[in-house]
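Going down the list, the protein sequences come from chains H and D.
The opening position of the first sequence corresponds to residue 1 in the numbering used here, with each subsequent residue numbered one higher.
The opening position of the second sequence corresponds to residue 1 in the numbering used here, with each subsequent residue numbered one higher.
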Amino acid sequence: MQFGVFTVGDVTPDPTTGRTPTEAERIKAMVAIALKAEEVGLDVFATGEHHNPPFVPSSPTTMLGYIAARTERLILSTATTLITTNDPVKIAEDFAMLQHLADGRVDLIMGRGNTGPVYPWFGKDIRDGIDLAIENYHLLHRLWREDVVDWEGKHRTPLQSFTSTPRPLDDVPPFVWHGSIRSPEIAEQAAYYGDGFFANNIFWPKEHFIRLINLYRERFEHYGHGKANQAIVGLGGQVFMRRNSQDAVREFRPYFDNAPVYGHGPSLEEFTSQTPLTVGSPQEVIDRTLTFREHFGDYQRQLFLMDHAGLPLKTVLEQLDLLGEIVPVLRREFATGRPAEVPDAPTHQSLLATRAGVR
Amino acid sequence: MTSLAVVSAGLGEPSSSHLLADRLAAGVGALLPVDVRTAHLRDVARDIADNLVTGFPSARLKAVVDDVVGADGLIVVTPTFNASYSGLFKSFFDVLEPESLVGKPVLIGATGGTERHSLVLDYALRPLFAYMKAAVVPTGVYAASVDWGSPQGLADRVDRAAAELAAAMEGKPATKPVERFVPFEQLLKGRS
Numbered sequence: 001m002q003f004g005v006f007t008v009g010d011v012t013p014d015p016t017t018g019r020t021p022t023e024a025e026r027i028k029a030m031v032a033i034a035l036k037a038e039e040v041g042l043d044v045f046a047t048g049e050h051h052n053p054p055f056v057p058s059s060p061t062t063m064l065g066y067i068a069a070r071t072e073r074l075i076l077s078t079a080t081t082l083i084t085t086n087d088p089v090k091i092a093e094d095f096a097m098l099q100h101l102a103d104g105r106v107d108l109i110m111g112r113g114n115t116g117p118v119y120p121w122f123g124k125d126i127r128d129g130i131d132l133a134i135e136n137y138h139l140l141h142r143l144w145r146e147d148v149v150d151w152e153g154k155h156r157t158p159l160q161s162f163t164s165t166p167r168p169l170d171d172v173p174p175f176v177w178h179g180s181i182r183s184p185e186i187a188e189q190a191a192y193y194g195d196g197f198f199a200n201n202i203f204w205p206k207e208h209f210i211r212l213i214n215l216y217r218e219r220f221e222h223y224g225h226g227k228a229n230q231a232i233v234g235l236g237g238q239v240f241m242r243r244n245s246q247d248a249v250r251e252f253r254p255y256f257d258n259a260p261v262y263g264h265g266p267s268l269e270e271f272t273s274q275t276p277l278t279v280g281s282p283q284e285v286i287d288r289t290l291t292f293r294e295h296f297g298d299y300q301r302q303l304f305l306m307d308h309a310g311l312p313l314k315t316v317l318e319q320l321d322l323l324g325e326i327v328p329v330l331r332r333e334f335a336t337g338r339p340a341e342v343p344d345a346p347t348h349q350s351l352l353a354t355r356a357g358v359r
Numbered sequence: 001m002t003s004l005a006v007v008s009a010g011l012g013e014p015s016s017s018h019l020l021a022d023r024l025a026a027g028v029g030a031l032l033p034v035d036v037r038t039a040h041l042r043d044v045a046r047d048i049a050d051n052l053v054t055g056f057p058s059a060r061l062k063a064v065v066d067d068v069v070g071a072d073g074l075i076v077v078t079p080t081f082n083a084s085y086s087g088l089f090k091s092f093f094d095v096l097e098p099e100s101l102v103g104k105p106v107l108i109g110a111t112g113g114t115e116r117h118s119l120v121l122d123y124a125l126r127p128l129f130a131y132m133k134a135a136v137v138p139t140g141v142y143a144a145s146v147d148w149g150s151p152q153g154l155a156d157r158v159d160r161a162a163a164e165l166a167a168a169m170e171g172k173p174a175t176k177p178v179e180r181f182v183p184f185e186q187l188l189k190g191r192s
């Protein structure tokens, strides 16, 4: 099973000091978090993509390319890549380039983006969101698998005799996950292609995501990619830890109360009972995270959101040290009782080996 | 049994909105055996505000929403604030999923200090539920303070409105929202 961190890349004032980091500080902090993730033994770093303040990561492959050069093992991913407003041709090119530079340590989570104005800024319409995700990904899928593509769709200029370069490393396209908070169409899309499905699982109650994941698993089997329990599921999660549970709650509360997404609403206690957010001791985080398997079935990837709401870099790096301590326990516990037929998340090496086996 | 959900946004205790809602529900109950579920929005006021912020309902609010969405008929009553429904009343309907009330028989009611606000029914409530594609019965009931001490009038309007809602509930099976699901071949159609 893979463990990692995902970051939104928000520039948020620290509510305890009132200080807002500069864009430069935030960008460098995201890099420091990625390097730390590798140092403490995590498997994955995923960056968000945004095209509006207060977010900085508008150019994910630039950041991931830089991180690739400074890491050895870490899988570089996105959370999420905007399949709606980006040109699928540019996604194909950018991520194939990154794949070569990173020796295959690359995958992507596709998402639609829910910020209305971003669509018109890129010449699109949010009401076409699902249709853009379907059409654009279908083209991207072909561009990585067919050397020469003729294409005509509703949302971009037709292509005649187009070759996306560079070709994917070893002719193995990056593995793709599809993320969605509420659309069954996206679970169906992931199932159709035999791709992964990622449930962000941080802001909403689990019942909501159980429905989507069960649909994805069922349809994955329907389309003949394997049994339902062999579908590739990723989950988000959000934690804040201190050795002592009360210290964690005391320190995190002002960040929670003022958080951009859910702040000024429910109390920390209500929100932790309603959603997967866990604030407490490392053992409490272990216990809560292990319940995810009971709700969603054996899964392949667990990403944690560690750095939002204005938490200072120093604190985030301390959190990653603690995460590094609990991940070996999580690995051991998640492996216990896991059926042998449940696969790991595909990597470049495993996809290469699968292809060699098929030939 | 046929189910009737009653939503009142009254804030006082006692509340004339609750009183009107109860009268309307009793009027329907006299014509039709109904299982009545009453929600006072004041009891879930913070849950509604939290839902606006977080995007999902608490367990307590979800129980109310499920009663309303699942009911065969709905009675809604709001006090009149600044020439319209109250903010709490509107916020409750704002957190419902789109299409939650499509085709649902709804009786609208409002209360206020004077009868000069009675058009709040037709200028504020009726367009809201028309937008939500609910089937609003023709008679809405507005109760001003003076109505509670008048010999007739209010009782007649309550009876007429209740009869219309009862008829609408008998006349059509409840429309429950269905999970939308489109197979991928259909999503992909027209693209090579």
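Glycine residues also receive a C-beta, built at the ideal position from the N, C-alpha and C atoms.
None of these values were measured; they are calculated from a predicted model.
Residue i - DSSP class collapsed to helix/strand/coil
{"i": "Y85(D)", "result": "strand"}
{"i": "H178(H)", "result": "strand"}
{"i": "I75(H)", "result": "strand"}
{"i": "S3(D)", "result": "strand"}
{"i": "F256(H)", "result": "helix"}
{"i": "W121(H)", "result": "helix"}
{"i": "R301(H)", "result": "strand"}
{"i": "L311(H)", "result": "coil"}
{"i": "D150(H)", "result": "strand"}
{"i": "F55(H)", "result": "strand"}
{"i": "M241(H)", "result": "strand"}
{"i": "G55(D)", "result": "coil"}
{"i": "T354(H)", "result": "helix"}
{"i": "L277(H)", "result": "coil"}
{"i": "V342(H)", "result": "coil"}
{"i": "D347(H)", "result": "The displayed chain sequence assigns Thr, not Asp, to residue 347(H). Residue state, collapsed to three classes: coil."}
Beta-carbon proximity check, residue i vs residue j, cutoff 8 Å
{"i": "G297(H)", "j": "N200(H)", "result": "no"}
{"i": "T78(D)", "j": "F89(D)", "result": "yes"}
{"i": "I210(H)", "j": "Q300(H)", "result": "no"}
{"i": "G265(H)", "j": "T54(D)", "result": "yes"}
{"i": "R37(D)", "j": "V6(D)", "result": "yes"}
{"i": "G236(H)", "j": "L322(H)", "result": "no"}
{"i": "S161(D)", "j": "L154(D)", "result": "Residue 161(D) is actually Ala in this sequence, not Ser. In this structure, L154(D) does not lie closer than 8 Å to A161(D) by Cβ."}
{"i": "V141(D)", "j": "G171(D)", "result": "no"}
{"i": "G113(H)", "j": "V56(H)", "result": "no"}
{"i": "T62(H)", "j": "F122(H)", "result": "no"}
{"i": "T17(H)", "j": "V11(H)", "result": "no"}
{"i": "H141(H)", "j": "Y193(H)", "result": "yes"}
{"i": "V68(D)", "j": "V106(D)", "result": "no"}
{"i": "F184(D)", "j": "W204(H)", "result": "no"}
{"i": "L20(D)", "j": "G73(D)", "result": "no"}
{"i": "L98(H)", "j": "L64(H)", "result": "yes"}
{"i": "T111(D)", "j": "S16(D)", "result": "yes"}
{"i": "S164(H)", "j": "A96(H)", "result": "yes"}
Chain-ordered neighbours of residue i on chain H, where CB pairs are closer than 7 Å
{"i": "V76(D)", "result": "Near V76(D) there are no residues of chain H at all, since even the closest Cβ is about 25 Å away, more than 7 Å."}
{"i": "D50(D)", "result": "G265, P266"}
{"i": "F184(D)", "result": "E188, Q189, Y192"}
DSSP beta-bridge partners of residue i
{"i": "H40(D)", "result": "S8(D)"}
{"i": "I75(D)", "result": "V6(D), L107(D)"}
{"i": "Y142(D)", "result": "A110(D)"}
{"i": "A46(H)", "result": "F6(H), S77(H)"}
{"i": "D107(H)", "result": "F175(H)"}
{"i": "L235(H)", "result": "A199(H), Q302(H)"}
{"i": "F162(H)", "result": "V149(H)"}
{"i": "T80(D)", "result": "Y85(D)"}
Contacts of residue i in chain D (Cβ-Cβ under 7 Å)
{"i": "E135(H)", "result": "R191"}
{"i": "Q274(H)", "result": "S58"}
{"i": "Y262(H)", "result": "V53, T54"}
Contacts of residue i in chain H (Cβ-Cβ under 9 Å)
{"i": "L187(D)", "result": "I130, D131, I134, E185, E188, Q189, Y192"}
{"i": "F181(D)", "result": "P184, E185, E188, L215"}
Residue i Cβ short of 7 Å to the ligand GTP heavy atom set
{"i": "F95(H)", "result": "What this structure holds is no ligand at all, so the ligand GTP is not there to describe."}
Contacts that residue i makes with chain D (C-beta to C-beta distance below 9 Å)
{"i": "F203(H)", "result": "T54, G55, F56"}
Proximal residues of chain D, C-beta to C-beta of residue i below 8 Å
{"i": "G153(H)", "result": "R191"}
Checklist line | Stretch pair the region 251-265 of chain H + the region 169-186 of chain H: three plus CB contacts closer than 8 Å | finding: no
Next item on the list: Please determine if the region 273-287 of chain H and the region 176-191 of chain H are in contact, where contact requires at least 3 C-beta pairs separated by less than 8 Å.
Entry: no
Check: Are the region 25-44 of chain D and the region 161-172 of chain D touching by the rule of at least three beta carbon pairs closer than 8 Å?
Finding: yes
Check: Within the chosen definition, does the region 5-13 of chain H reach the region 42-51 of chain H through at least 3 CB pairs nearer than 8 Å?
Finding: yes
Note to self: Across the region 133-144 of chain H and the region 311-331 of chain H, are there enough close Cβ pairs to call them in contact, namely three or more that are closer than 8 Å?
What the structure shows: no
Notebook entry, point to check: Quick one: any contact between the region 48-63 of chain H and the region 73-86 of chain H, if contact means 3 or more CB pairs under 8 Å?
Noted result: yes
Next item on the list: Determine contact between the region 92-107 of chain H and the region 345-354 of chain H, defined as no fewer than three beta-carbon pairs at a distance below 8 Å.
Entry: yes
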